[in-house]
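Visitor:
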Amino acid sequence: MNPVNYLYLAALLFTIGAAGVLIRRNAIVVFMCVELMLNACNLAFVTFSRMHGNLDGQIIAFFTMVVAAAEVVVGLAIIVSVFRARHSASVDDASLMKL
Amino acid sequence: MSSMAVHSMWTTAAEPIAKIPAPHIEYTQLSPVLIVLGAAIVSVLVEAFVPRKGRYHSQVFLSVAALAAAFAAVVGLAAGGYGSTKAHIAAMGAIAVDGPALFLQGTIVLASIVAVFTFAERRLDPADHGHKVDSFAAEAAAVPGSDQEKAAVKAGFTTTEVFPLALFAIAGMLVFPAANDLLTLFVALEVFSLPLYLLCAVARRKRLMSQEAAVKYFLLGAFSSAFLLFGIALLYGYAGSVSYATIARVVDGSIGSVDPALADTMGNDALLLIGFAMVLMGLLFKVGAVPFHMWTPDVYQGAPTPVTGFMAAATKVAAFGALLRLLYVVLPGLTWDWRPVMWGVAIVTMLGGAVVAITQTDIKRLLAYSSIAHAGFLLAGVIAATPSGISSVLFYLGAYSFVTIGAFAVVTLVRDAGGEATHLSKWAGLGRRSPLVAAVFAVFLLAFAGIPLTSGFSGKFAVFKAAADGGAGALVVVGVISSAIAAFFYVRVIVLMFFSEPKADGPTVAVPSVLTSLTITAGVVVTLVLGVAPQYFLDLANQASVFVR
Amino acid sequence: MENLIALLIGAPLLGAAVLLLGGRRLDRTGHWLGTLLAAASFVIALVLFVDMLGKGAEDRALHQTLFTWIPVGTFQADMAFQLDQLSMTFVLLITGVGTLIHVYSIGYMEHDERRRRFFGYLNLFVAAMLLLVLADNYLLLYFGWEGVGLASYLLIGFWQHKPSAATAAKKAFIVNRVGDMGLSIAIMLMFTTFGTFAFGRVLEASDQASEGKLTAIGLMLLLAACGKSAQVPLQSWLGDAMEGPTPVSALIHAATMVTAGVYLIVRSADIFNAAPDAQLVVTVVGAVTLLFGAIVGCAKDDIKKALAGSTMSQIGYMILAAGLGPIGYVFAIMHLVTHGFFKAGLFLGAGSVMHGMNDEVDMRKYGGLRKYMPVTFVTFGLGYLAIIGFPGLSGFFSKDKIIEAAFAKGGTEGWILGAVTLLGAAITAYYMTRVMLMTFFGEKRWQPDAEGHEPHPHESPKSMVIPMILLAVGSVGGGAVFEFSGFVEWLEPVTGFEHGHAPISAAAVTAATVAVMVIGVGLAYLQYGRGPVPVVAPRGSLLTRAARRDLLQDDFNHAVFVTGGTHLTRSLVYVDHSLVDGVVNGTAAAVGGLSGRLRKLQNGYARTYAVSMFGGTAVLIAATLLMRAV
Amino acid sequence: MVFARFEPGGDRYQLVENHAWIKDFGVRYELGVDGIGVALIGLTALLIPFIVLAGWHDADPLETASKRWRPTQGFFALILMVEAMVILSFEATDVFLFYILFEAMLIPMYFLIGGFGDRAHSGSDENAAAQRSYAAVKFLLYNLVGGLIMLAAVIGLYVVAGNFSLTEIVEARANGSLEMATSTERWLFLGFFFAFAVKAPLWPLHTWLPNAMGEATTPVAVLITAVVDKVGTFAMLRFCLGLFPEASKWATPAIVVLALISIVYGALVAVGQRDIKRLVAYASISHFGFIILGIFAMTTQGQSGATLYMVNHGVSTAALMLVAGFLISRRGSRLIADYGGVQKVAPVLAGTFLIGGLATLSLPGLAPFVSEFLVLVGTFARYPVAGIVATTGIVLAALYTLVLYQRTMTGPVKEEVRALPDLRARELLVVAPLIAVLIFLGVFPKPLTDVVDPAVRHTMSDVQQKDPQPQNVEAAK
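Chains as they are written, first to last, in our numbering: chain A, 2 to 100; chain B, 54 to 602; chain C, 310 to 939; chain D, 3 to 479.
(1) Quick one: give me the first and last residue of the alpha helix (DSSP H) that C:L345 is part of.
(2) Can you check DSSP and say which residues form a bridge with C:V388?
(3) Expressed to the nearest angstrom, what Euclidean distance is found between the alpha-carbon atoms of B:M395 and B:I436?
(4) Given a threshold of 16 other Cβ atoms within 10 Å of its Cβ, counted over all protein chains shown, does D:R134 qualify as buried or as exposed?
(5) I'd like the list of long-range same chain contacts for B:T368, defined as Cβ closer than 8 Å, with 5 residues on each side in sequence excluded.
(6) Along chain C, which residues have their Cβ under 8 Å away from the Cβ of A:S82?
(7) Which first and last residues belong to the alpha helix (DSSP H) in which B:I148 is found?
(8) What in chain B is Cβ-close to D:Y144, meaning under 9 Å?
(9) Please list the segments of the alpha helix (DSSP H) lying wholly inside the region 249 to 298 of chain B, counting only runs of 4 or more residues, in order along the chain.
(10) What does A:A19 touch in chain C if you count any residue whose Cβ is under 8 Å from its own?
(11) Determine whether the Cβ of C:T926 lies closer than 7 Å to any Cβ atom of chain B.
(12) Establish whether the CB of C:Y918 and some CB of chain B are separated by less than 7 Å.
(13) Which residue's Cα is closest to the Cα of A:V81: B:A254, B:A121 and B:F329?
(14) How is the alpha helix (DSSP H) around C:A495 delimited, first residue to last?
(15) Do we get a CB-CB distance below 7 Å when we pair A:I61 with the residues of chain B?
(16) Tell me the DSSP secondary structure of C:Y736 in three-state form.
(17) So with Cβ pairs under 7 Å, would you call A:M98 a contact of chain C?
(18) Quick one: what does DSSP say C:R848 is sitting in, helix, strand or coil?
(19) Pairs of beta-carbons, one from the region 487 to 501 of chain B and one from the region 545 to 554 of chain B, closer than 8 Å: are there three or more?
(20) Using the Cβ count rule (16 or more neighbours within 10 Å means buried), how would you classify C:F793?
(21) When the Cα atoms are used, what is the spatial distance from C:L329 to C:R425?
(22) In terms of residue numbering, what span does the beta strand (DSSP E) encompassing B:A143 cover?
(23) Quick check: is the beta carbon of A:A11 nearer than 7 Å to any beta carbon in chain C?
(24) Would you say D:S124 faces chain C, with C-beta separation under 7 Å as the test?
(25) Run through chain B and tell me which residues come within less than 9 Å of C:G913, C-beta to C-beta.
(26) Please check the pair C:M826 and C:A735, which I expect to be a contact at CB under 8 Å, by giving their CB distance rounded to whole angstroms.
(27) Do D:V271 and C:D885 count as a contact pair if the criterion is CB distance below 7 Å?
(28) Using 8 Å as the Cβ pair cut-off and three pairs as the minimum, do the region 317 to 337 of chain D and the region 291 to 302 of chain D touch?
(29) Considering only the beta carbon of each residue, do C:I314 and C:Q373 sit closer than 7 Å?
(30) Compare the C-beta of D:V35 against all C-beta atoms of chain B and say whether one is closer than 7 Å.
(31) Contact between the region 498 to 509 of chain C and the region 445 to 465 of chain D: three or more CB pairs below 8 Å?
(32) Within the continuous alpha helix (DSSP H) that includes D:V97, where are the two ends?
(33) Using 10 angstroms around the beta-carbon of C:Y883, count the other beta-carbons present and answer buried if the total reaches 16, otherwise exposed.
(34) Taking CB distances under 7 Å as the criterion, tell me whether D:P435 reaches chain C.
(35) Would you call the CB atoms of C:Q588 and C:G625 closer than 7 Å?
(36) At 4 residues or longer, and completely inside the region 365 to 395 of chain B: list those alpha helix (DSSP H) runs for me, N to C.
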């Protein structure tokens, strides 16, 4: 089947992820949405690499996974510490600073 | 395209490759980055093995030494002509070693050194249970106000991890403006972002705000980097490569355009443009340009002030470096596409930052908005799209970063019971209480406002001149207007400090150790020198204003 | 010889400087010094006069150039003097009368602790006045012109503690400034027209310029003259100026300064000759003022104000004469001089009366004073006869000549002007007689003053009496002297002269003059001479009441300029504060408001921030694509 | 010193100094004085000592805790800083250098105004402090905005001309090697003019002046109006006309009208003031109207007059303002209504005050008359109507001056002023020389005109203007 469809799928996933970030309150979920966006990127990379017939895209995908993993580490650390301090993982509760 | 063709591609791609050439790395030319990275790793080991009481000193020494060495390396490379004649692409096309890269790396390293001084400051707070304390949490992991934290405080723990984190961040920043392919760009971005997220979270006072800042910064940062990455993907899809050089050549059509496989499915320019826009967004986020600026005030306010200063200065330098390289190396052929867009961004950034700053009541937020406005001015220089534009931006970055760090360093000095007294009302009559500190801060504010004989003016003038030369006269006018607006709130602070009566419960001004004093002095000196006799540094910036392709 | 001219001015100027800077140590000797220097100036004048008589009619004019005052490009103003017959006449009058009045003031101001300063001001005035008449260009004349203005301001307001005096001084200065505007515009016109404003060159070039320009210049000069010489419509200040000490009124507001306007017009004779329209206006102004002053003079009970009115009207005569052109100039000056004598004399007399009556000025509270101060009575009486034009006295000759010239103007104008001047003569006789009777005749109507002191009228000290006597002599003999000593020939080279041909014979005119004079005196006698004079003024006819209020002219000024001006400034202050400043502050406030509103977007919710980023990216993409599309 | 080495006949710019400064911006440290500059430098050098002397005690610490912070030496240091910058800006022949000084001098002025307020204020200390800082901020922002707009123009000029040297640009324009599009030139001109008009100040950009002068201590007020503001008018003469002759001619009618408005409006508003210092401020606005009028009359008389006016107005206002300041510091009030009959208790003070006032209303014999009349003549020669309108200014001037004098000095002595001492030696030492200068320049201005004239001719030739010839001479031709 036409690899271009994978691009559409990637775009779709990316959009879903973005929408999730905009809509969801729970920090964890928001973060998962970001991961979803990253993976959408991966899919795009792989697809393009398939189309171009060179491997750069696939390699980049691996880099992305590593980075994403690192992000998870840092992100969860922060979110957890906030959760322990506030007993809530809602991003909206964290709004001491405004205006 | 037919599935057949696809198949054949697949197979060719799947051919077993005869032998992989070993990558060839120019270690000397990467030495600045390598030194800092190495130091970072070592300092992780220090965290692991050196006993607690020894850590602080060893860490401080290690970081400063490493940064000094890195700076030496930068200077050495520049002297070796890598800035001009021998400029070229190193590390298999991953990293560019050229004038802008070296200039910016030098700026970043210097800024980082003074920033690290502020990290290491331990005189501002009174000693706690007989232990000198810096501005970082005793134990970041402990819940604020919990017994665990109290215990940690009692035991005199300090988060010396900030030093390795900072080093990693610096390393990332060094790579960022030098990155010569999008992948390196992305990795470098993450390498300096992730430590910063953490650094934001470890303030000693007002920990909730600090953590909140971290969360916001992290989530939004991740969000933006996702966009960046997707943009990269699209560009890759457009050009079939992530190397700047290749993309540039594809853009100006000097090598065969994109694979016909894509040509018939979507207008490949759409790939290019959308991808470009998303990458741009990722960078503008780091720069703090409207409308991607909203994290700035909250994060600047919440983060520990030394970290704020560090971010405000170094991150901006790195991000603008990357932005310049992207626009000048990758997309010169696209100038007429990105210029109008950047015009818009620059205008809203200048005006937005200046206008909103007027009604701020917290000094750190005020500075945050001022940094946004300054990002706008810098963008005006970027848009010039001329060598003088590049050099002016480089110069501006150098001037600006020192003013910023100095200003935030002063902020750390003004304290009351709850730590730093950042609310403006607390600053009333500071000039009467401690004229010196107030005067120094006034100098920084005047520099921000761009009053002649301060570095702020030289920078602003250089940038506007470049913009006008580059045919962006309208931008200059807008810039002038917004600096007029901006002048208002800088002046407001000065009035507050000097002409209004001190409050009875006003803050005290802590007497800093030699470290912070050094930072502030450096800030003032640079501000005045670059204001009165900027010629030498302008020359530097000029020589450094050629990107290697 | 010409080097003396500077001395002429220098002497009183020195006096002014010394007296004003000298400080208290001069308090006892100061007045003598002042008088001495004034006298010195008079002596110098005499020397020059004699010298001048020795010369031929044509080469009598002397010139002295000290230095270039303002040299800018083609604009060259010299500090240079010109002494010709016209100036000479004035110089003698100023220094002569001036000296006498200095002497008089020694006695009059005896009890004033600021006498030294008074003499300083007097000297300053004399110097400025001499500068005015000696200048050889209009700008320098302007210098003197404003100088006398200043002196008069200082002297009117000499008793500053009296608000009325301070106000009067201010009024005088400002009204004069309006006139000065005219003078300076005239000078500008001259400069743009002739490229110079030196008398000589302007006057001989005056035939080259267009009549329109000349008329403009003439009218502007007239405006100036109106200001200084208290002619309608700028006469309002003179009445109030009587707040000043009486010697001041005598010297400045009767004898010399107020006649400067006449000097200006006569000096600019050539310009006016070439601009008949301007001349006509001059005569009209003169005529109007003549009657105006006279009528006001009839209604005032304040002796000095009555005399002030008379001054106005007499100067009206002169201006009118000056407006008649070559047939009038000489007589204008002649009347000016005689008037200088008798009016000064009258004022000094009035001063002497006030001196004896605890500074009472209301004539209704005088009466029967002739027994108590005989000398004053006699001198005042002679002055009186002179002014009403009693045959043989000075006023008779000069006024008669003017009336004659007025008729000689010819045409309807001639008749009208003649009639006016005759009427004026009648009214003059009337109000002067009124003053005379109310003051010196009838029974005494004295009232105790504020402190309840009964006035004890007595003759004034020698220092005051002698000047009065001398002036009386002048007012008696002056006219005859001029008439028979060839004054006309004396001035003719400067002002030009031609015999007017009146439609009626000179004798007839003279007869008419005498007749109307008798009528005027008779009327006054019927009204005030026989019956007792009521101490409180009767309500009087509408005209009388109007005249008492200076024919409402002041009320008009007050309503229009003072009140209107006050409102104008008030509103402008408001505008400045709320509008001009408001706009700026408004913008500032607007930006602030905008800022406040934008600030609200920063609501602390990470998701909102993400939205803005997302939207931003969308816009970015759209814009980029759009750029490619277009 | 400068005078000693300046000979009027000589080149246009003398004592020229020239070093590269910021090569990159094509900025040179380029100094040179022409007659106009010399005159104004002389003014500055003349006034500052008296200002300092007059301000001798103004910065002394007060007992009240609220004003503890009044470093006396700082006060004078700032004044001298301003002096240095002003003199340099009169000498600068490099546009950029001038701009830098033009802007930089705001900061010390700002602190002088805001930091050392007039103690004779109405209302509480806080209130006064608020008004003071309001005035200071207003001063700074007005001028900063003006300056920034000028900055844009400066950059524009650089883009067009390629360097900043006044002399070179003027030359280039003269010999046609530097063409400027009409619209560009006009825009640049407006950019420059706006800044100078704010500084000068010209209606309607004047409102900062009354506040600043009202709130600042008297010496500082004098410094503002007598010295610093002159930079604005001076710059109009040197830069606006020099750099943009065509545009200047184009803009002249509008500017003349504004100047006339300033003259009349300033005078009228002055009449309506209740505060002595504000009154003088508005009077100054009226006078600046005259100066600008003279500059843009484009005649030798007008411009020489304007230059003399800058000097004379400096001296006369200084005299008047300083005496007023002494008066105010005695009574502790700025309100006219609080005075009366001062003349009786302090005759010398009153006398000097009167002379200052007479100078302000430009009485012949005092310096301002010469300049004012020259301006009027110069204007009248080109724009008769404008000349006549401006002439009304002399009546209004008489009005506000004499009203002020009458209300404060004459009339019955008010209780509060009964005890006022007369001028002290120091104060007399300040005022007497100024008055002497006024009289000398009023009677013998030649020295000054000789210096100024040649410079003005140069300016006239820059704008290719000739004095209009007398009408009947033309007729003769």
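Using N, Cα and C, we set each Cβ at its ideal position, and we do this for glycine too.
Guide: Taking the definition as stated:
(1) As a position in the third sequence, residue 345 of chain C is number 36, starting the count at 1. Element bounds for C:L345: G339 to L362.
(2) For the purposes of this step, residue 388 of chain C is taken as the residue at position 79 of the third sequence. The question names Val, but residue 388 of chain C is Met in the sequence shown. DSSP output for C:M388 lists C:F376 as bridge partner(s).
(3) Position 342 of the second sequence holds residue 395 of chain B. Position 383 of the second sequence holds residue 436 of chain B. Taking the straight line from one Cα to the other gives about 7 Å.
(4) Position 132 of the fourth sequence, counted from the first residue, corresponds to residue 134 of chain D. D:R134 is buried by the Cβ-count criterion.
(5) Walking along the second sequence from the start, residue 368 of chain B turns up at place 315. Within the same chain, B:T368 has close Cβ partners M226, F245, L249 and K339.
(6) Stepping through the first sequence from its first residue, residue 82 of chain A is reached at position 81. Within chain C, no residue comes near A:S82; the closest Cβ sits about 16 Å away, beyond 8 Å.
(7) Counting from one through the second sequence, the residue named residue 148 of chain B turns up at place 95. Element bounds for B:I148: not the alpha helix (DSSP H) but the beta strand (DSSP E), I148 to V150.
(8) Counted from its first residue, the fourth sequence places residue 144 of chain D at position 142. Those within 9 Å of D:Y144 in chain B number zero; the least Cβ separation is about 10 Å.
(9) 260 to 292
(10) Residue mapping note: residue 19 of chain A aligns to position 18 of the first sequence, counting from 1. Within 8 Å Cβ-Cβ: F923.
(11) Indexing the third sequence from 1 puts residue 926 of chain C at position 617. It does; some Cβ of chain B falls within 7 Å.
(12) Residue 918 of chain C sits at position 609 when you count from the first residue of the third sequence. Taking Cβ atoms only, chain B reaches closer than 7 Å to C:Y918, which makes this a yes.
(13) The residue you call residue 81 of chain A lines up with position 80 of the first sequence. Nearest C-alpha to A:V81: B:A254.
(14) Here residue 495 of chain C is taken as the residue at index 186 of the third sequence, counted from 1. Looking at the DSSP string, the run of the alpha helix (DSSP H) that includes C:A495 is P472 to F503.
(15) In the first sequence, the residue the question calls residue 61 of chain A occupies position 60. Closer than 7 Å to some Cβ of chain B, the Cβ of A:I61 qualifies, so yes.
(16) Taking the third sequence and counting its residues from 1, one reaches residue 736 of chain C at position 427. The displayed chain sequence assigns Ile, not Tyr, to residue 736 of chain C. Looking at C:I736 - three-state DSSP - the assignment turns out to be helix.
(17) Against the first sequence, residue 98 of chain A aligns to sequence position 97. Yes, A:M98 lies at the interface with chain C (some Cβ there is under 7 Å from its Cβ).
(18) Here residue 848 of chain C refers to the residue found at position 539 when the third sequence is read from its first residue. C:R848 falls in the coil class under three-state DSSP.
(19) yes
(20) Here residue 793 of chain C refers to the residue found at position 484 of the third sequence. With fewer than 16 Cβ atoms within 10 Å of its Cβ, C:F793 is classed as exposed.
(21) Stepping through the third sequence from its first residue, residue 329 of chain C is reached at position 20. Stepping through the third sequence from its first residue, residue 425 of chain C is reached at position 116. If you take the alpha carbons of C:L329 and C:R425, they lie about 8 Å apart.
(22) What you label residue 143 of chain B is simply residue 90 of the second sequence in a count that begins at 1. Its beta strand (DSSP E) spans residues H141 to A143.
(23) Within the first sequence, numbered from 1, the residue matching residue 11 of chain A stands at position 10. No, no contact with chain C.
(24) To locate residue 124 of chain D, count along the fourth sequence from 1; it is residue 122. Caution applies to D:S124, whose pLDDT of 48 falls short of 50 and renders its modelled position unreliable; the value that the coordinates give is listed next. Not an interface residue.
(25) Along the third sequence, read from residue 1 onward, the residue named residue 913 of chain C stands at position 604. Under the 9 Å cutoff, chain B gives E265, K269 and D351.
(26) Along the third sequence, read from residue 1 onward, the residue named residue 826 of chain C stands at position 517. Along the third sequence, read from residue 1 onward, the residue named residue 735 of chain C stands at position 426. So it is a contact: roughly 7 Å between Cβ atoms.
(27) Counting from one through the third sequence, the residue named residue 885 of chain C turns up at place 576. Counting from one through the fourth sequence, the residue named residue 271 of chain D turns up at place 269. Result yes, Cβ atoms of C:D885 and D:V271 sit closer than 7 Å.
(28) no
(29) Walking along the third sequence from the start, residue 314 of chain C turns up at place 5. Walking along the third sequence from the start, residue 373 of chain C turns up at place 64. It is a contact, given that the beta carbons lie within the stated cut-off.
(30) Along the fourth sequence, read from residue 1 onward, the residue named residue 35 of chain D stands at position 33. Cβ-Cβ to chain B under 7 Å: no for D:V35.
(31) no
(32) Position 95 of the fourth sequence, counted from the first residue, corresponds to residue 97 of chain D. Note, D:V97: alpha helix (DSSP H), V97 to A106.
(33) Translated into the one-based positions of the third sequence, residue 883 of chain C becomes position 574. Classification of C:Y883: exposed, given that the 10 Å Cβ count is below 16.
(34) Taking the first residue of the fourth sequence as 1, we reach residue 435 of chain D at position 433. Output row for D:P435: interface = no.
(35) The residue you call residue 588 of chain C lines up with position 279 of the third sequence. The residue you call residue 625 of chain C lines up with position 316 of the third sequence. Going by C-beta atoms, C:Q588 is not nearer than 7 Å to C:G625.
(36) 369 to 378
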